[in-house]
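Which chain is which? The protein sequence lines are A and B, in order.
Take 0 as the starting number for the first sequence in numbering that gives the first Met the number 0 and just add one per residue.
Take 0 as the starting number for the second sequence in numbering that gives the first Met the number 0 and just add one per residue.
The beta carbon of each residue, even a glycine, is placed where N, CA and C say it ideally should be.
Take a look at the structure set out below.
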Amino acid sequence: MASVEEKIQVHLNDQLGGDAPQVQPIAKGKVFIQVEPSLLKGIVKGLIEKDELTGLIAITGVDLGDTIEVMHHLRTMETIFTIRTLVSKENPELETIIDLLPGANLHEKEVTDLMGVKFTGNLFDGHFLLSEAWPKDNFPLRKDAEIPSIDDLIKNPVVIDEPESIPGEEKYLNITIGPQHPALLEPERFQLHVEGEIVIGVTPRLGYVHRAVEKACESRTYMQDVYLVERICGICNACHVTTFCQSVENILGTEVPARGRYLRTIAAELNRIHSHMLLFGHAGLEIGFQTLFQYTWRDREAVMDLIEILTGNRVNMAYITLGGVRRDVTDTLKDRIRTDLAKLEQRMPFYKNLYENELSLRARLKGVGIISREDALKLCVVGPVARASGVKIDVRKDDPYAAYDEIPFNIVTYNDCDSLARLKIRVDEIYESIHIIDYALEHLPDGPIRVRVPRSVPAGEAVSRVEAPRGELFYYVKANGTQSPERVKVRTPTFANILSFVHMAKGINVADVPPAFVSLDPCFSCTDR
Amino acid sequence: MIMAIDLTLIYRVLVFPGFVFIFVLTMVCDWISRKIRAHMENRMGPMYTGYHGILQPWADFIKLLAKESTSPKATNKTIFKLMPLLSFTMIMVAMFFMPIDGSNVIPGSAFSGDLILVLMLVTIANFFLFLAGWSSNNPYSKLGGSRVLIQVLGYDIPFFLLALTPVFLAGGVDPTTKILVLSFTSIVQGQQSIWFVLLIPWSFILFIIAMQAELEKDPFDVPDAETEIVGGLETEYNGASLAFLKLGKDVQVVLGAFIIVDLFLGGPGLAGGITATAGILDFSAFLFTIGFVLKVVAVVVIIQYVASLWARARIDQVLKWNWKYMMPLSIGAMVLSLLVAFFWNGLIHF
Numbered sequence: 000m001a002s003v004e005e006k007i008q009v010h011l012n013d014q015l016g017g018d019a020p021q022v023q024p025i026a027k028g029k030v031f032i033q034v035e036p037s038l039l040k041g042i043v044k045g046l047i048e049k050d051e052l053t054g055l056i057a058i059t060g061v062d063l064g065d066t067i068e069v070m071h072h073l074r075t076m077e078t079i080f081t082i083r084t085l086v087s088k089e090n091p092e093l094e095t096i097i098d099l100l101p102g103a104n105l106h107e108k109e110v111t112d113l114m115g116v117k118f119t120g121n122l123f124d125g126h127f128l129l130s131e132a133w134p135k136d137n138f139p140l141r142k143d144a145e146i147p148s149i150d151d152l153i154k155n156p157v158v159i160d161e162p163e164s165i166p167g168e169e170k171y172l173n174i175t176i177g178p179q180h181p182a183l184l185e186p187e188r189f190q191l192h193v194e195g196e197i198v199i200g201v202t203p204r205l206g207y208v209h210r211a212v213e214k215a216c217e218s219r220t221y222m223q224d225v226y227l228v229e230r231i232c233g234i235c236n237a238c239h240v241t242t243f244c245q246s247v248e249n250i251l252g253t254e255v256p257a258r259g260r261y262l263r264t265i266a267a268e269l270n271r272i273h274s275h276m277l278l279f280g281h282a283g284l285e286i287g288f289q290t291l292f293q294y295t296w297r298d299r300e301a302v303m304d305l306i307e308i309l310t311g312n313r314v315n316m317a318y319i320t321l322g323g324v325r326r327d328v329t330d331t332l333k334d335r336i337r338t339d340l341a342k343l344e345q346r347m348p349f350y351k352n353l354y355e356n357e358l359s360l361r362a363r364l365k366g367v368g369i370i371s372r373e374d375a376l377k378l379c380v381v382g383p384v385a386r387a388s389g390v391k392i393d394v395r396k397d398d399p400y401a402a403y404d405e406i407p408f409n410i411v412t413y414n415d416c417d418s419l420a421r422l423k424i425r426v427d428e429i430y431e432s433i434h435i436i437d438y439a440l441e442h443l444p445d446g447p448i449r450v451r452v453p454r455s456v457p458a459g460e461a462v463s464r465v466e467a468p469r470g471e472l473f474y475y476v477k478a479n480g481t482q483s484p485e486r487v488k489v490r491t492p493t494f495a496n497i498l499s500f501v502h503m504a505k506g507i508n509v510a511d512v513p514p515a516f517v518s519l520d521p522c523f524s525c526t527d528r
Numbered sequence: 000m001i002m003a004i005d006l007t008l009i010y011r012v013l014v015f016p017g018f019v020f021i022f023v024l025t026m027v028c029d030w031i032s033r034k035i036r037a038h039m040e041n042r043m044g045p046m047y048t049g050y051h052g053i054l055q056p057w058a059d060f061i062k063l064l065a066k067e068s069t070s071p072k073a074t075n076k077t078i079f080k081l082m083p084l085l086s087f088t089m090i091m092v093a094m095f096f097m098p099i100d101g102s103n104v105i106p107g108s109a110f111s112g113d114l115i116l117v118l119m120l121v122t123i124a125n126f127f128l129f130l131a132g133w134s135s136n137n138p139y140s141k142l143g144g145s146r147v148l149i150q151v152l153g154y155d156i157p158f159f160l161l162a163l164t165p166v167f168l169a170g171g172v173d174p175t176t177k178i179l180v181l182s183f184t185s186i187v188q189g190q191q192s193i194w195f196v197l198l199i200p201w202s203f204i205l206f207i208i209a210m211q212a213e214l215e216k217d218p219f220d221v222p223d224a225e226t227e228i229v230g231g232l233e234t235e236y237n238g239a240s241l242a243f244l245k246l247g248k249d250v251q252v253v254l255g256a257f258i259i260v261d262l263f264l265g266g267p268g269l270a271g272g273i274t275a276t277a278g279i280l281d282f283s284a285f286l287f288t289i290g291f292v293l294k295v296v297a298v299v300v301i302i303q304y305v306a307s308l309w310a311r312a313r314i315d316q317v318l319k320w321n322w323k324y325m326m327p328l329s330i331g332a333m334v335l336s337l338l339v340a341f342f343w344n345g346l347i348h349f
């Protein structure tokens, strides 16, 4: 079987002829090419024609001094394929690819806002992630950016205007959801343009919890960054740390011991169970089903307790670290985890039955917020959202990490494409997670749980991804030989999924907006970073 | 003699079974609702104020009264402030026509059409709620207010139709005009031998569903769906106005329970029936009240039990269910009840 590199090289040679650029490795099993900006769009188009599952993972900008390097990370041919282009710093311009992949929209806007690279065809006024008070033409992720002090920023306070209506459509009522709203647990603003009870459009405004984690990572050591990225999201913290550690270990060439990899898997799966259970409760609340909320959160409590006795903390685990994990698991603890999860498994048929047969739940969720398979591919959605639309992608299988290549499990997919399917898929995933943990505890190898890693990381770069509870989580880390990374790029699953909400909200009832939205399992502290 | 009658009347209006009694009963029913809801959801509910939190509704009400009351800039302040009070007043007026201790709050105020009057007052109270939401000049309030109107006006039709079914069974006929009497007194008196719930259970079940919609309880609590429209029509209210909006809602629940008890569960008294007169210290009146309160509490428990079993429906689903199922079913229930009434009255009364 041809390696990934050869496969992509053959494809590029077919498409571009003799002047095809040479494919080079970026990390284990991941490749990149360096091309002229003019070739970018053609290559993306060719890849989409070759592999229908091709989607954009992220766009990273790196300041190289005189030039800015823009990387399009594509999910294609079972690998991450990075296309590098260089643009000048004075006039950074690139052609947009949103006509090929509409899902690239927010990724491009983020690079425009933070890095100053303009994508022709996808220009916008104001800011995307930054506050409106932030000065124009100041791009914080550039190395030479002057960061204004907070005193300067609060001198000109931001006035959020009256809700703007769609030009020429003044008759529509604008309903603002957020930044503070009972349907949102975290601050973000969505403007619904409503005619009667029907939504005709949504204007999102992100960035209310932007904490500049990517920039902050550059000024901290790798070990400090482990704690920092863990705090990007409270719910899927294990996945953030795992991805970051994998990237750094990749640059270092560290092999994590087998026992450490298995324990990482267990922590990640406990994380997934509690995240999915949390969503069930949240979804119940959104559709006014308080009883469901209270029931699921009671059952979730057992998982939280397991996380606490395994890692020492209920929420931010501080468990996974560079080179392995921090704490070992004892036989008593193993039994406790097994019995508690067995109890949880006995509760699951109740929830499955509820989602399949309960009338008022079905009335609210069935057929609501449709994302067809074609749209899901175009919008580059990830995780349960993609799988509920029949797109069979799961990083645990496609690109195994930790111990997932040694543990048997199934990818659950549904073809209903609606909110109900997106919730049902999570019930089934909890089953799978319980079985994964059981298997991992059963086959837990002996040996050390971690290896020591040096403080300084040699120059290099790596991309890494894991399947977080909400979908594929992607990290790009560039090291420059010092104790701090040169660049850390985080692309969270909600950031990839949020555009699908704008898409599916069109034409649905106002009352359907919360259940449609919550079925994405949105996490805004992830989105904004 | 005239003096004494006046004192009795004042006592009846202000204390028992007037304002104080209704107020206390409302607070107790609110507490029971919250406890039922909490225990259905695996929670404790209020625990710290009084025995198992029985004083919590009082604490909430007093706290709201103590808060500063403001109104938004661009509103008609008179309408904004007045509507919660008017809505509350309508419900209280309706309360005064319910035979609580065997007779009405104001003895002798019952007349041959008071059933229609009470149902109409409830509708008017809801219309005032709509005006309260509309006058807030806030998109959430406006949507909430219009949802109240859409939902309640829609469900009023099956609600009225079903409220008529016990009238057929009671079969009270005005001696002079020879037409059916639409009064609570005649319905309650018709239930002396058997509660109507046993004769026409289908009407009772449909009436509970319609009542659930009228009281905006799950699955029909669309007008205050907090995840869609924040506080609904209450969004801009605070302080005393909010206290009265909330109190009005709670009293409405009790009134709904009163209506169900009178129409289907034999009215006041443990067995059924009604007294003609009532004094201040009448032992039979006391027994009647005990029976009535027990039945009302039972109905409140049913309403809250049903509410915690369901998710909230969508406004278009609520309306669709009304026109598609509730309307034909209630007309069918009416026809069926007419048949039952024919045999029942034909065999026993005539």
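Limits of the unbroken beta strand (DSSP E) element including residue i
i	result
A:Leu128	No beta strand (DSSP E) holds A:Leu128; DSSP gives it neither H nor E.
A:Gln43	Checking the sequence, you will find Val at residue 43 of chain A rather than Gln. No beta strand (DSSP E) holds A:Val43; the alpha helix (DSSP H) holding it covers 39-49.
A:His71	66-75
A:Arg490	484-490
A:Leu472	470-478
A:Ser463	459-467
A:Phe31	29-33
Rounded straight-line distance, which links the Cα of residue j to that of residue i
i	j	result
A:Tyr207	B:Val147	34 Å
A:Lys27	A:Asn249	7 Å
B:Val23	B:Arg36	20 Å
B:Val14	B:Thr7	10 Å
A:Gly195	A:Leu340	47 Å
A:Ile410	A:Ile436	16 Å
B:Ile258	A:Tyr413	48 Å
A:Pro521	A:Gly60	25 Å
A:Gly41	A:Gly382	27 Å
A:Gly311	A:Ile272	18 Å
A:His180	B:Lys72	22 Å
B:Val187	B:Ala124	25 Å
A:Arg327	A:Leu269	Per the sequence shown, the amino acid found at residue 327 of chain A is Asp instead of Arg. Spanning the two alpha carbons is a distance of roughly 16 Å.
B:Thr69	B:Met43	34 Å
A:Ile507	A:Ile199	8 Å
Check whether residue i and residue j have beta carbons under 7 Å apart
i	j	result
A:Pro91	A:Ile58	no
B:Glu233	B:Phe158	no
A:Ile56	A:His72	yes
A:Pro20	A:Ile32	yes
B:Ala256	B:Val229	no
A:Leu419	A:Lys365	yes
B:Met89	B:Leu130	no
A:Gly389	A:Met503	no
B:Phe203	B:Phe126	no
A:Asp397	A:Glu77	yes
Start and end residues, alpha helix (DSSP H) containing residue i
i	result
A:Val201	Per DSSP, A:Val201 belongs to no alpha helix (DSSP H); it is in the beta strand (DSSP E), 197-204.
A:Ser246	236-251
B:Val187	183-189
A:Leu191	That residue, A:Leu191, is in no alpha helix (DSSP H); its beta strand (DSSP E) goes 188-194.
A:Leu353	330-356
A:Gly382	382-387
A:Arg372	372-377
A:Asn104	104-114
Residue-chain proximity (residue i, chain E), Cβ-Cβ < 7 Å
i	result
A:Val509	No chain E appears in this structure, whose protein chains are A and B.
Expected contact under 8 Å - CB spacing of residue i and residue j to nearest Å
i	j	result
A:Leu128	A:Glu109	6 Å
A:Val116	A:Leu100	Incorrect: roughly 17 Å between the Cβ atoms, too far for contact.
Selection of the segment 190-221 of chain B by Cβ proximity to chain A, strictly under 8 Å: Correct list: Asp217, Pro218, Asp220, Val221.
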